[in-house]
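Q: Residue numbers (the numbering used here): -18 to 708.
Just so it is clear, CB atoms sit at the ideal spot from N, CA and C, and this is done for glycine as well.
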Amino acid sequence: MVPAKGIAKVESKALSALQFKRGLKKDPSFLATLRELNDGEDQIAPSSPTPAKIQDVLNEYKDVMLKELPKKLPPRREVDHQIELEPGAKPPAMAPYRMAPPELEELRRQLQDLLDSGYIRPSKAPYGHPIAFESRKLNDTERRYTVQEKEMTAIIHCLRVWRHYLLGATFLIMTDNVATSYFQTQKKLSPKQARWQDFLAKFDYRLEYKPGKANVVADALSRKAELATMTTSQPQSTLVGRIKEGLQQDPLAKSLTKLANEGKTRRFWLDEGVLLTTGNRMYVPKWGNLRKEIIKECHDSKWAGHPGMTRTLALLQNSYYWPQMRDDVDAYVRTCLVCQQDKVEQQRPAGLLEPLPIAGHPWESVSMDFISALPISEGCGSIMVVIDRFSKYATFIPACKDCTAEEAARLFLKHVVKLWGVPQSIVSDRDPRFTGRFWTELFKMMGTDLNFSTSFHPQSDGQTERFNGLLELYLRHYVSAHQRDWAKLLDVAQFSFNLQRSEATGKSPFEIVMGQQPMTPNAIASTYGGKSPAAHKLAREWHEQADITRACLDKAARKMKKWADTRRRHVEFCEGDLVLVKLLPQQFKSLRQVHKGLVRKYEGPFPIIKRVGKVSYQVQLPPRLKIHPVFHVSFLKPYHEDMEDPSRSESKRAPTAVVTAFNKGVECILADRVIRRRGVPNYVEYLVKWKDLPDSEASWERGDTLWQFAEHIQRYKDEDATRTPRT
């Protein structure tokens, strides 16, 4: 506000907004307010307030209004001046007036939001910046286009998306494909290219070829380092810090560090506080479990894959060094529970051959087995094989598919006991048909000592297994295409087998049992003209044949043991030793649906209770393993325990025969119950309250499937033992 004195009084006149806008368009305008001063008044009192309307205008244009207004008009200059414009010059491309402060503030806020969200970014390009980006994937048809057609597809797509920018304007399209730059002058066009030409006719453009190295505008954001802030992410390991800390705790490391600082050794040197050796390998001090943790990382982790000692050592030697590293790695790998359970021993089978006692006369001891899963023939689906261990006389008996203990006993009485009497001992392979209660009680009443072979060890019953293979081979020769007439061939097969001379005795089973070979079809045509032998001579010859047979069997057994032991090794265990037991997947019903190659080979460790015989041991198995606890020594291997870290003996994997795992936690065990069903062993179920789930979602789960929550089950049992019994 400028004071005016001696100026004629100006009548007030109101201006409309439209008149004020027109005045601004004609000439530069100034807004002023005049107030008449009284006589003797030279200036406005500092305390006089500015009218509210004037103050609003000043606030709106505060970027051009000075904070302190001049107290009077500027003096008239003696020399007038003007700015001469160049003829034909274009006005600058900028707004004729500045933005109002509220508009400028709003624009800044919107730009900052776009910057924070990543839609725009700062640009230092002196001549401009990209205003739009476009991309999409090629479809199956476009992937089969030529390179030129793929380039043109990108151009056509971008022109369709940006046509509101480009229609009516002249623009330049730069490409790094030289063939595309001649598209406008191409003479022969395919139907697809003709459609593109028709679409491009709407635009005023020019195609220009620019080599890829020179076409920096297209890749400005990726090629210009100053246009975007590059972020580097690098993981930080605490292992180096622990190694540095351990160097001050290990006496040997401290002495090596001192020698390296004094320059008295060329084998070690310091680099940023780390002691290095040949190959820039870090020296790992002996401090706490530092060395064992490094071995664990290079052996137990998924990227390492539980390799053997040599490969684990190679992984360590690439980056680390410490004295006696090989011994430490060998001890760690040898005591790894996962490796001991999953890996098969690469050496000769354990246990020397122990032949069965030789029988004294025919049918004193027999071996029995079943060939099952055969096609139904005359109502039978399996073959019961009975072999006399003295004479090797074979008896092949057709049996039903699911032969029970009672049926097996009846067949044995009909085909064996009726003809040859009751044997003193029977060797079986612990088949369920022979281990049934009725079968055992039957032979006890008949005075038979039922000697079972060791669990799942066919070597102790190799004779019957061998005869089974020969019988299957015989039936394979003569069975029909539909394989349903094998039952008719068993009688002829039995005659054929007992007719063949044994390599061990040099005589056929018929000669040992009957004293002579039976008449065969090829011998019927010839007549026997000799005299019949006397009875006493025949009896003497039978006794001689029995003695010769016994001697031959003993010689064959010793020969077999000699050659078998060359491929075996002697292994013995003592009572209380911890061993790993080799379990077969077919022993468990729950493993029938899983891949056998992915089931671990050994389970344990379990303590040995006692020795059974010469090559078998009884092992203390947990109650969840419902199998016979006696194993041949070849199914056992010693367990190597880590005495320094007993926690490594605790397995975190699911037990064998358990294929269930839960991916949620247990809050507590609410109750338990015993499930009793006919034909199924009793088992325990627990009512589980799951974490982060309501009580209504609690579920009954079998105890053997809750292997992950053994601590909760034990806690529940302890609390249940101290709980007051119900009345």
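How far does the alpha helix (DSSP H) with Y313 in it extend, from its first residue to its last?
A: Element bounds for Y313: M306 to R315.
Q: Do three or more CB pairs link the segment 367 to 387 to the segment 342 to 352 at distances below 8 Å?
A: Because the criterion of three Cβ pairs below 8 Å is met, the segment 367 to 387 and the segment 342 to 352 touch.
Q: Which residue comes first and which comes last in the alpha helix (DSSP H) that contains W467?
A: Note, W467: alpha helix (DSSP H), W467 to L480.
Q: Return yes when the Cβ of I589 is within less than 8 Å of the Cβ of D558, no when it is not.
A: yes
Q: Count Cβ pairs between the segment 606 to 625 and the segment 642 to 654 that sit closer than 8 Å; are there 3 or more?
A: no
Q: Below 8 Å CB to CB, which residues in the same chain sit around K225 once its five sequence neighbours on both sides are set aside?
A: G254 and V255
Q: Within 10 angstroms of its Cβ, does E87 collect 16 or more other Cβ (buried), or is it exposed?
A: exposed
Q: Quick one, are the C-beta atoms of P490 and S358 less than 8 Å apart?
A: no
Q: Under the DSSP definition of a beta bridge, which residues are partnered with I352?
A: Answer is I364, bridged to I352.
Q: Using only the alpha-carbon positions, how far apart do G260 and S282 sit?
A: 24 Å
Q: From A234 to P266, what distance separates their C-alpha atoms?
A: 6 Å
Q: Would you give the residue range spanned by the alpha helix (DSSP H) that Q63 belongs to?
A: Neither: Q63 is in no alpha helix (DSSP H) and is coded neither H nor E.
Q: Closest to H342 by C-alpha separation, out of P404, D157 and K183, would be which residue?
A: With distances taken between Cα atoms, H342 lies closest to P404.
Q: By DSSP's criteria, E484 is part of a beta bridge. Which residues make up the other side?
A: E484 pairs with nothing; no bridge assigned.
Q: Helix, strand or coil for N299 per DSSP?
A: coil
Q: Kindly list the residues whose CB is nearer than 8 Å to the CB of A691, restricted to its own chain and excluding five residues on each side of it in sequence; keep chain order.
A: none
Q: Taking Cβ to Cβ, would you say S363 is nearer than 8 Å to C384?
A: yes
Q: From the DSSP output, in three-state form, read off K239 for me.
A: helix
Q: In whole angstroms, what is the alpha-carbon distance linking L140 and A113?
A: 12 Å
Q: Quick one: grab the DSSP three-state call for A386.
A: helix
Q: Within its chain, find whatever has a CB closer than 6 Å to the CB of V460; leave out the 5 residues flanking it on each side and keep chain order.
A: Listed in chain order, the non-local C-beta contacts of V460 below 6 Å within the same chain comprise W467, local neighbours out to five positions each way being set aside.
Q: Let me know the secondary structure DSSP gives L602 once reduced to three states.
A: coil
Q: Starting from M500, trace the beta strand (DSSP E) in both directions and tell me its first and last residue.
A: Premise fails: M500 is in no beta strand (DSSP E) and is neither H nor E.
Q: In this structure, how does DSSP classify W143 when only helix, strand and coil are distinguished?
A: Reduced to three states, the DSSP call for W143 is coil.
Q: On the DSSP bridge list, what partners appear for H613?
A: Note: H613 sits in a beta bridge opposite S597.
Q: Hey, out of E274, W250, G660 and P32, whose CA is closest to Y264's CA?
A: For Y264, the closest C-alpha among the options E274, W250, G660 and P32 is that of W250.
Q: Grouping DSSP H, G and I as helix and E and B as strand, with all else coil, what is G585?
A: Strand, per DSSP.
Q: For T445, does the three-state DSSP call read helix, strand or coil?
A: helix
Q: Measuring straight from C-alpha to C-alpha, what distance separates E274 and K239?
A: 26 Å
Q: Nearest-angstrom Cα distance between L297 and R90?
A: 56 Å
Q: Measure the C-alpha to C-alpha separation of I493 and R592 and round it to an integer number of angstroms.
A: 37 Å
Q: Could you give the residue range of the alpha helix (DSSP H) that holds N158?
A: Where N158 is concerned, there is no enclosing alpha helix (DSSP H), given that its DSSP letter is neither H nor E.
Q: Could you check the C-alpha separation between Q601 and R581 for me, to the nearest Å?
A: 20 Å
Q: Relative to the C-alpha of A679, which candidate in L687, Y667, D685 and T686 has its C-alpha closest?
A: Y667
Q: In or out: C279 buried (at least 16 other Cβ within 10 Å) or exposed?
A: buried
Q: Measure from the alpha carbon of Q328 to the alpha carbon of each residue in D701, K618 and D676, then state which is nearest.
A: K618
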